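S.K.:
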Ligand SMILES: Cc1cc2nc3c(=O)[nH]c(=O)nc-3n(C[C@H](O)[C@H](O)[C@H](O)COP(=O)(O)OP(=O)(O)OC[C@H]3O[C@@H](n4cnc5c(N)ncnc54)[C@H](O)[C@@H]3O)c2cc1C
């Protein structure tokens, strides 16, 4: 019996979420007296790196093709069978969101997504998961023998175990015949919003898309992703993929900076799990200040250039 962790590769490198997932997998394995097998599908990344984060063994599958959920899920299921894994851990990234349910279905496993805790194995196998856009938590008991856990990015620290993993190439192949969809128009050079540690977000207070350089410049200086409120994407100032909130994406960065956003309950639903929230608003009564850890009352057009200059320094 082992714990299998899908270690996601993007642009020839392991994602930070992959290290988090492997560290988490190692802690689960230690809890149940098992070993961790990490699965790396793709090219470029050094599988040996995963030993430091707790993997005992790394199975490596080299594919030139782009990710497709069906093909990757079949590979994860095949490796899970090969290594007798009863627990599979996947990070709840865009890729993981499409992979985890498929893997669970193939394995006949219980599935928990948005997992934010280590399992409690005292009475069954219970995990804590975020629900209702992070406004509440549910404790879910996974009753099937096989279990798939999709863990929320930025919820677990990466741990350095300083160990060396055994690297094995897998005989399982992901052939082009199993790839039915090819990725098109991939956005490169952008930090995925759900995985970003820092997010700079703009609202209607920025007046128009021509002022978004203020958001982008601060994001570039801080290595952050950009987001926006719903009206901003509804008015096509920004793409819908940046809209956070109840009807948009839920995020959990370490730092969320909201610029010219009122802080309506529907917006907060998607960002209130951020570790530190900074609100910049000219209205001292703006609701965001009640949810924020730090507030700057003032005109964004005066404050942002100063923040950008400070961040660049
Ligand atoms: C069913 C439903 C679902 C919804 N889902 C979402 C959702 O997922 N996400 C979401 O964001 N919204 C959502 N909304 C909309 C939400 O209720 C708010 O209307 C929206 O979040 C407001 O966006 P905003 O803060 O950008 O704009 P506004 O409410 O117009 O606020 C602009 C803010 O900018 C400030 N400001 C103005 N000028 C400046 C300046 N120069 N410098 C600094 N500050 C300035 C103002 O004081 C104000 O607080 C939803 C609404 C409904 C009914």
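Residue numbers (my numbering): -15 to 297. For each residue, glycine too, the CB sits at the ideal point set by N, CA and C. It should be emphasised that the depicted structure is a prediction, and the values quoted were computed from it without experimental measurement.
With respect to the beta strand (DSSP E) encompassing residue 4, which residues constitute its N-terminal and C-terminal limits?
M.R.: Residue 4 -> not in any beta strand (DSSP E); alpha helix (DSSP H) instead, spanning 0 to 16.
S.K.: According to the neighbour-count rule (16 or more other Cβ atoms, all chains shown, within 10 Å of its Cβ), is residue 33 buried or exposed?
M.R.: It is buried - the Cβ of residue 33 has at least 16 other Cβ atoms within 10 Å.
S.K.: Let me know the secondary structure DSSP gives residue 63 once reduced to three states.
M.R.: Helix, per DSSP.
S.K.: Can you find the residues in the same chain that come closer than 6 Å, C-beta to C-beta, to residue 139, ignoring five residues on each side of it along the sequence?
M.R.: Same-chain partners within the cutoff: 100.
S.K.: Does the distance from the CB of residue 122 to the CB of residue 113 come in under 7 Å?
M.R.: Yes, the pair counts as a contact, with Cβ atoms nearer than the cut-off.
S.K.: So does residue 244 have its beta carbon nearer than 6 Å to some heavy atom of ligand 2?
M.R.: Inclusion of ligand 2 in the displayed structure is not the case, the ligand content consisting of ligand 1 alone.
S.K.: For residue 195, does the three-state DSSP call read helix, strand or coil?
M.R.: Of the three classes helix, strand and coil, the one that applies to residue 195 here is helix, per DSSP.
S.K.: Throw me the rounded Cβ distance for the residue 271 and residue 247 pair, which I believe falls under 8 Å.
M.R.: The Cβ separation is near 4 Å, so the contact holds.
S.K.: Can you name the residues that DSSP bridges to residue 43?
M.R.: Residue 43 pairs with 23 and 152.
S.K.: With a CB to CB cut of under 8 Å and the five nearest residues on each side skipped, what residues in its chain are close to residue 78?
M.R.: Cβ neighbours of residue 78 beyond the five flanking positions: 176 and 178.
S.K.: Under 8 Å Cβ to Cβ from residue 80, same chain only, skipping five residues before and after it: list those, please.
M.R.: So the list reads -10, -8, 1, 74 and 134, once near-sequence residues are dropped.
S.K.: Starting from the C-beta of residue 42, find all residues in its chain whose C-beta is less than 8 Å away, skip the five residues before and the five after it, and write them out in chain order.
M.R.: Excluding residues within five positions, the ones whose Cβ falls inside 8 Å are -9, 21, 22, 23, 24, 31, 32, 34, 35, 149, 150, 151 and 152.
S.K.: Given this structure, state the Cα-to-Cα distance separating residue 141 from residue 276, to the nearest angstrom.
M.R.: Cα to Cα, the separation comes out at about 23 Å.
S.K.: Give the secondary structure of residue 100 by DSSP, where H, G and I count as helix, E and B as strand, and everything else as coil.
M.R.: Coil.
S.K.: Smallest Cα separation from residue 198: which of 230, 4, 290 and 232?
M.R.: Out of 230, 4, 290 and 232, 290 has the C-alpha closest to the C-alpha of residue 198.
S.K.: Less than 6 Å separating the Cβ of residue 119 from some heavy atom of ligand 1?
M.R.: Answer for residue 119: no, Cβ out of range of ligand 1.
S.K.: Looking only at DSSP bridge pairs, what is residue 138 linked to?
M.R.: None; residue 138 has no bridge partner.
S.K.: Is residue 214 close to ligand 1? I mean its beta-carbon at under 6 Å from any heavy atom of the ligand.
M.R.: The answer is yes for residue 214.
S.K.: Would you say residue 188 touches ligand 1, meaning its beta carbon is less than 6 Å from a heavy atom?
M.R.: Yes; taking the cut-off as 6 Å, the Cβ of residue 188 has a heavy atom of ligand 1 nearer than that.
S.K.: Excluding the 5 residues flanking residue 44 on each side, which residues of the same chain have their C-beta closer than 6 Å to its C-beta?
M.R.: The answer, listed in chain order, is 24, 31 and 153.
S.K.: In the structure shown, what three-state DSSP assignment does residue 178 receive?
M.R.: If DSSP states are grouped into helix, strand and coil, residue 178 belongs with the helices.
S.K.: Quick one: what's residue 278 bridged to in DSSP?
M.R.: Answer is 262.
S.K.: How many Å lie between residue 168 and residue 52 at the Cα?
M.R.: Since pLDDT at residue 168 reaches only 49, below the 50 mark, its modelled position is unreliable, and no value is offered.
S.K.: When the distance is taken between beta carbons, is residue 211 closer than 7 Å to residue 228?
M.R.: A contact, by the Cβ cut-off of 7 Å.
S.K.: Determine the contact status of residue 117 and residue 253, defining contact as a CB-CB distance below 7 Å.
M.R.: Result yes, Cβ atoms of residue 117 and residue 253 sit closer than 7 Å.
S.K.: Can you tell me where the beta strand (DSSP E) holding residue 188 begins and where it ends?
M.R.: Where residue 188 is concerned, there is no enclosing beta strand (DSSP E), given that its DSSP letter is neither H nor E.
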